[in-house]
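Quick mapping for you: the protein sequence lines, in order, are chains E and V.
At position 268 of the first sequence the residue is numbered 267 (numbering that gives the first Met the number 0), and the sequence of numbers has no breaks.
At position 83 of the second sequence the residue is numbered 82 (numbering that gives the first Met the number 0), and the sequence of numbers has no breaks.
Glycine included, each C-beta is placed from N, C-alpha and C at the ideal position.
Taking it in order: structure first as structure tokens, then the write-up.
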Amino acid sequence: MSKKNLLNKIAKNLTKRKDTLANEIQEKHQEVGEWLKDHEKDVSSLSKGLSETIATSAATGILLLSSSSLPVKPDSFITASETTISESATKTKVQSTEDPGAVIAAKLAEILPSKPRQLNEEEMKKVEDTVKESFGLDAKGVLDGYKLNTNYSYMGGEQHLVRFQGDTLARHVRNSSEWAMFGPAGMAPGRGAWGYFPNEEYERYYMVVQTFLSPNWKENPKATYDWFKFRKVLAINPHTGQAVTGVIGDAGPAEWTGKQSGGSPEVMHYLGIAGGPRKGDVLIFFLDDKDNKIPLGPVTRKVGQ
Amino acid sequence: MDSLYRQLADTQIIHSHLDKFEFEDSEKEQILEIVDHIFHHRLLAVVLEGLVEGEKITFIELVDSGNHLMVVDYIKTKVVNIEDKLKAVVEEVHQQVMEDILSAAER
Numbered sequence: 000m001s002k003k004n005l006l007n008k009i010a011k012n013l014t015k016r017k018d019t020l021a022n023e024i025q026e027k028h029q030e031v032g033e034w035l036k037d038h039e040k041d042v043s044s045l046s047k048g049l050s051e052t053i054a055t056s057a058a059t060g061i062l063l064l065s066s067s068s069l070p071v072k073p074d075s076f077i078t079a080s081e082t083t084i085s086e087s088a089t090k091t092k093v094q095s096t097e098d099p100g101a102v103i104a105a106k107l108a109e110i111l112p113s114k115p116r117q118l119n120e121e122e123m124k125k126v127e128d129t130v131k132e133s134f135g136l137d138a139k140g141v142l143d144g145y146k147l148n149t150n151y152s153y154m155g156g157e158q159h160l161v162r163f164q165g166d167t168l169a170r171h172v173r174n175s176s177e178w179a180m181f182g183p184a185g186m187a188p189g190r191g192a193w194g195y196f197p198n199e200e201y202e203r204y205y206m207v208v209q210t211f212l213s214p215n216w217k218e219n220p221k222a223t224y225d226w227f228k229f230r231k232v233l234a235i236n237p238h239t240g241q242a243v244t245g246v247i248g249d250a251g252p253a254e255w256t257g258k259q260s261g262g263s264p265e266v267m268h269y270l271g272i273a274g275g276p277r278k279g280d281v282l283i284f285f286l287d288d289k290d291n292k293i294p295l296g297p298v299t300r301k302v303g304q
Numbered sequence: 000m001d002s003l004y005r006q007l008a009d010t011q012i013i014h015s016h017l018d019k020f021e022f023e024d025s026e027k028e029q030i031l032e033i034v035d036h037i038f039h040h041r042l043l044a045v046v047l048e049g050l051v052e053g054e055k056i057t058f059i060e061l062v063d064s065g066n067h068l069m070v071v072d073y074i075k076t077k078v079v080n081i082e083d084k085l086k087a088v089v090e091e092v093h094q095q096v097m098e099d100i101l102s103a104a105e106r
């Protein structure tokens, strides 16, 4: 047998084995086969990706060591918008080192009713003053003449929202710790009321309010729809003082749910209501931030612009 | 970086057999590339077999995302004794490849 024929025979044997394995994977794990078909990929690209992942992990000592989480944020997850926000955040000035959360919780206990309901003007003003004093933020119950149906609501946990075509749940988290915290919420198949978010940070800290029940809606639905789009808001858990800045990213929940607002998995986590029934009392106020200086995310210190 | 299979397996044995047939380096590389694919497939099969319904899609989405840390963390959490299984796959593929090479030469 010539060398060339022998080479072809060996290659043929091995290729047959390789193809048989690929077929077996698709037949035995049909959901994987369907996923590959839907994503126009093949077994080879998937298996090669896995192998490269393990090779990298083995080379760097990650594999075969303890399974502790490795909270490293890959560069690929850093977006331009995030950089801008971070730069903006560094310009803020820390004015106090006391825990504003504990302070604000004590003060809100004296202001708020025992159960969530729309606040009256006096209560709203007291909350605004308390937020300004504790966090240094200009929170408004009414801004530009627009208001929510209620500033004090039952907030329920929402799912991640699709940010672009082909988005996957795994892309919404930055490390295995986040996967454990924010992965179980899952990802809703649709987009929010205003379509795709313009950046990752908006989806990460999005909230849901009943725009359709806003008093402004009846007067001018189109203008109200536009005004609420990605409007920056502050949410506070009045029982703990935990607070998060975010944007309005979707309209809901339906009235029959008994909830009046919703929060992304990250928002729920930073408000301290991600556990158990994933529901809790939350204050939502608009942020007067025309210069877009307030970064999104958990608020843990008093800041000044 | 070498492929995972070439990092873990003693490919010198395969090389020495191929040397007997006086294959050029490029020809040996052609064969080893197919071996790499066989190993990739077997590794994927072993991990999938260790996952239950619902976890498989999550797993392949993680792989597709390219986040190495999360993929490995997920595998280590979900698949029992993954390191041992990995070594077993290396051994199994090595045996099968040698069979394929030798059987081709016998005909």
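- Assigned with DSSP and collapsed to three states, Gly156/E falls in strand.
- Boundaries of the alpha helix (DSSP H) around Gly32/E: Gln29 to Asp37.
- Excluding residues up to 5 positions away in sequence, Pro99, Val298 and Lys301 lie with their Cβ nearer than 6 Å to the Cβ of Phe134/E in the same chain.
- Cα atoms of Gly251/E and Pro183/E: separation of roughly 21 Å, rounded to the nearest angstrom.
- At a cut-off of 8 Å between C-beta atoms, Ala104/V counts as an interface residue with respect to chain E.
- Interface annotation, Gly32/E: not in contact with chain V, CB-CB separation never under 8 Å.
- Taking C-beta atoms as the reference points, Ile235/E and Met154/E fail to come closer than 8 Å.
- Under DSSP, the beta-bridge partners assigned to Pro297/E are Val243/E.
- At least one beta carbon of chain V lies nearer than 8 Å to the beta carbon of Ala54/E.
- Rounded to whole angstroms, the gap between the alpha carbons of Arg170/E and Pro197/E is 16 Å.
- Rounded to the nearest whole angstrom, the C-alpha separation of Asp83/V and Glu51/E is 18 Å.
- For the region 23-34 of chain V, the set of positions with a beta-carbon nearer than 7 Å to some beta-carbon of chain E reads Glu26, Gln29, Ile30, Ile33 and Val34 in chain order.
- For Ser64/V, the chain E residues whose C-beta falls within less than 8 Å of its own C-beta are Thr167, Ala169 and Arg170, listed in chain order.
- Taking C-beta atoms under 8 Å as the contact rule, Glu202/E and His268/E fail to qualify, at a distance of about 14 Å.
- Gly191/E and Ser152/E have their C-alpha atoms spaced approximately 20 Å apart.
- Counting only the Cα atoms, Ala44/V lies some 50 Å from Phe211/E.
- CA-CA distance, Lys15/E to Ser44/E, rounds to 18 Å.
- Bounds of the alpha helix (DSSP H) holding Ser175/E are Ser175 to Phe181.
- In this model, Val281/E and Thr223/E are separated by some 22 Å (Cα to Cα).
- Note on the region 247-273 of chain E: whole alpha helix (DSSP H) runs with a minimum of 4 residues are 264-270, in chain order.
- Chain V has a Cβ within less than 8 Å of the Cβ of Arg16/E.
- The straight-line gap separating the alpha-carbon atoms of Gly274/E and Glu157/E is approximately 13 Å.
- When C-beta atoms of the region 52-70 of chain V are compared with those of the region 28-44 of chain E, three or more pairs fall below 8 Å, so the two segments count as touching.
- For Gln6/V, at least one C-beta of chain E is nearer than 8 Å to its own C-beta.
- When 7 Å is used as the limit between beta carbons, Leu20/E is near these residues of chain V: Ile37, His40, Arg41 and Ala44, in chain order.
- Selection Phe284/E, Gly257/E, Asp249/E and Ser175/E evaluated against Ser64/V yields Ser175/E as nearest (Cα-Cα).
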